[in-house]
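S.K.:
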Amino acid sequence: MKVSVFGSGYVGLVAGACFAESGNEVICVDIDQQKIERLKQGIIPIYEPGLEEMIKRNVRQQRLVFTTDAEAAVKESLFQFIAVGTPPGEDGSADLQYVLAVAETIGKYMTDSKVIVDKSTVPVGTADLVRDKIKSVLEKRGIDVEFDVVSNPEFLKEGAAIQDFMVPDRVVIGVDSPRGGTLMKELYSPFMKSEDRLLLMDVRSAEMTKYAANSMLATKISFMNEMANLCEKVGANIDQVRLGIGSDARIGHSFLFPGVGYGGSCFPKDVQALIRTGNSYDSTMDILQAVERVNQVQKSKMLDMLSKVYGEDLSGLTLGIWGLAFKPQTDDMREAPSRVIIDGLLQRGAKVIANDPEAIGEAQKIWKDQIEYRDNYYDVLPEIDGLLILTEWNDYRRPDFERIKNLMKKPIVFDGRNIFVPEKMRQRGFEYYSIGRP
1 MKVSVFGSGY VGLVAGACFA ESGNEVICVD IDQQKIERLK QGIIPIYEPG
51 LEEMIKRNVR QQRLVFTTDA EAAVKESLFQ FIAVGTPPGE DGSADLQYVL
101 AVAETIGKYM TDSKVIVDKS TVPVGTADLV RDKIKSVLEK RGIDVEFDVV
151 SNPEFLKEGA AIQDFMVPDR VVIGVDSPRG GTLMKELYSP FMKSEDRLLL
201 MDVRSAEMTK YAANSMLATK ISFMNEMANL CEKVGANIDQ VRLGIGSDAR
251 IGHSFLFPGV GYGGSCFPKD VQALIRTGNS YDSTMDILQA VERVNQVQKS
301 KMLDMLSKVY GEDLSGLTLG IWGLAFKPQT DDMREAPSRV IIDGLLQRGA
351 KVIANDPEAI GEAQKIWKDQ IEYRDNYYDV LPEIDGLLIL TEWNDYRRPD
401 FERIKNLMKK PIVFDGRNIF VPEKMRQRGF EYYSIGRP
């Protein structure tokens with residue numbers, strides 16, 4: 001089948017590569033000429049395990065091409081996937097200007113039947129706006145062409161996106177016609193060989209499902225962070241509490257790990273967008289407002305921990321950072337807790353030296369030369385007065401603790417991801433602080 005994907009960011013590249021991997025002919029379209037040229041050269045703008053190899057393999061097999069020629073992409077393919085960004089506006093609502101610009105482009109060039117697929121994360125009612133935009137363009141052209149607008153939200157975890165796409169938990173498809181559903185089922189059939197996990201529903205329910213799913217996961221994280229903070233005050237251990245509640249099948253173990261807050265391109269944006277959607281329909285989203293508030297406070301918790309040890313003024317101190325990305329297996333620093341924490345350290349006068357296996361390039365765009373970087377995480381240690389762990393990369397989980405002690409001025413560790421065991425750290429001679437554990 002022939003597929004065009006508009007937008008060569010995270011979602012567009014993963015979707016395009018995976019559709020090509022399953023045998024389809026895929027055209028990835030972007031207005032950024034430089035990005036397209038780099039993609040043609042095999043230079044991938046994001047880090048996602050397995051993605052670079054998959055893209056190069058399908059380019060060699062001529063199943064995947066990159067272009068800025070939107071007209072050719074529209075005319076060539078039956079499926080037109082919209083996978084452009086929907087950044088939050090000033091009020092937190094999703095900005096749909098890029099989605100609607102693609103819809104206008106499709107309406108401008110289409111000459112035969114198409115299936116237009118909203119793959120971007122968009123608020124309820126966006127499919128109607130896309131349909132109206134295409135209709136208005138076709139009317140201006142004086143032609144009548146059949147088309148379907150489908151909602152097909154993505155549920156990709158950064159760091160595991162290829163696996164999530166190729167072997168999905170579920171594929172949600174919102175349609176308003178039998179034809180759209182039949183064609184989408186055919187497109188996704190290679191991913192359903194072992195089990196049919198495709199869920200057909202109405203368009204608005206599909207649009208809502210994406211926001212509801214991410215908001216539920218964000219809620220679990222903020223709840224556990226709030227419980228962890230209470231555990232510290234009452235003398236309980238959040239690790240034991242987590243096991244106790246996670247063993248309940250109705251709750252489960254996923255997303256029950258406390259830390260310094262959630263970040264990334266999805267949870268913060270989607271929680272805010274769903275709050276704004278509720279406001280626009282006079283439905284106050286009290287729980288989600290609390291989720292967002294707790295997360296903002298949690299990102300500053302590490303600064304509070306430091307204040308108790310060093311005081312408010314950090315002038316003259318050098319602090320080391322292990323982990324900059326919002327989670328492991330990605331270079332994404334959007335809304336990452338490290339951004340709030342490092343900004344706070346700099347404002348309080350500290351010098352910062354940081355390591356991350358993948359996100360140093362992104363960090364340099366944010367802080368430039370305000371902080372120093374080390375390619376090897378042990379090289380962070382010799383100059384620092386304390387070490388902050390902000391991302392739970394596997395690289396950091398099993399270090400040489402004697403080497404750490406010998407390199408640091410004083411072995412003080414602030415563990416924002418609870419990757420070490422407090423009792424063992426004390427036995428090793430570390431002054432050790434973590435989240436929700438005595």
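Numbering (the UniProt record's numbering), first residue to last: 1 to 438.
Ideal placement from N, C-alpha and C gives every residue a C-beta, glycine not left out.
Can you give me the start and stop residues for the beta strand (DSSP E) that K108 sits inside?
M.R.: Note, K108: premise wrong, no beta strand (DSSP E); alpha helix (DSSP H) at Q97 to Y109.
S.K.: Are I82 and S120 close, meaning C-beta to C-beta below 7 Å?
M.R.: Yes, the Cβ-Cβ distance between I82 and S120 is below 7 Å.
S.K.: Near D415, which residues of its chain fall below 6 Å by C-beta distance, leaving aside the five closest residues on each side in sequence?
M.R.: Correct list, in chain order: I389 and S434.
S.K.: On the three-state DSSP scale, how would you describe V413?
M.R.: V413 falls in the strand class under three-state DSSP.
S.K.: Here's a check: name, in chain order, each residue in its chain whose Cβ is nearer than 7 Å to the Cβ of R403, leaving out the five neighbours to either side.
M.R.: Excluding sequence neighbours, R403 sits near Y378.
S.K.: Take every Cβ of the segment 285-295, pair it with every Cβ of the segment 268-275, and state whether three or more of those distances are shorter than 8 Å.
M.R.: Touching, yes, given that three or more Cβ pairs across the two stretches are closer than 8 Å.
S.K.: Near G252, which residues of its chain fall below 7 Å by C-beta distance, leaving aside the five closest residues on each side in sequence?
M.R.: Result list for G252: G246, in chain order.
S.K.: Near R204, what residues of its chain come up, given a Cβ to Cβ distance below 6 Å and the 5 sequence neighbours on each side ignored?
M.R.: If we look at R204 and ignore the five residues flanking it on each side, its Cβ neighbours are V124.
S.K.: Give the straight-line distance between the Cα atoms of I321 and D144, rounded to the nearest whole angstrom.
M.R.: Their Cα atoms are separated by approximately 59 Å.
S.K.: With 16 other CB atoms within 10 Å as the buried threshold, where does E207 fall?
M.R.: E207 should be labelled buried.
S.K.: Answer yes or no: do K2 and S77 have a C-beta to C-beta separation smaller than 7 Å?
M.R.: Yes. Within cutoff.
S.K.: Please report the distance separating the alpha-carbon of F420 from that of D239.
M.R.: The straight-line gap from Cα to Cα measures roughly 11 Å.
S.K.: Does T126 come out as helix, strand or coil in the three-state DSSP assignment?
M.R.: Helix, per DSSP.
S.K.: Going by C-alpha to C-alpha distance, which of V122, F191, A350 and I366 sits closest to D331?
M.R.: The option with the nearest alpha carbon to D331 is I366.
S.K.: For the pair the segment 50-67 and the segment 153-165, tell me if three or more CB-CB distances fall below 8 Å.
M.R.: Touching, yes, given that three or more Cβ pairs across the two stretches are closer than 8 Å.
S.K.: Less than 7 Å between the beta carbons of I371 and A354, yes or no?
M.R.: Cβ atoms of I371 and A354: closer than 7 Å.
S.K.: Is S4 helix, strand or coil by DSSP?
M.R.: Strand at S4.
S.K.: Leaving aside the five residues before and after G50 along the sequence, list all residues of the same chain whose C-beta is less than 6 Å from its C-beta, in chain order.
M.R.: Counting only Cβ-Cβ distances below 6 Å, and skipping sequence neighbours, we find I162.
S.K.: Would you mind giving the Cβ-Cβ distance between D375 and L317, rounded to the nearest angstrom? I have them listed as a contact below 8 Å.
M.R.: Contact doesn't hold; Cβ gap of about 23 Å is too wide.
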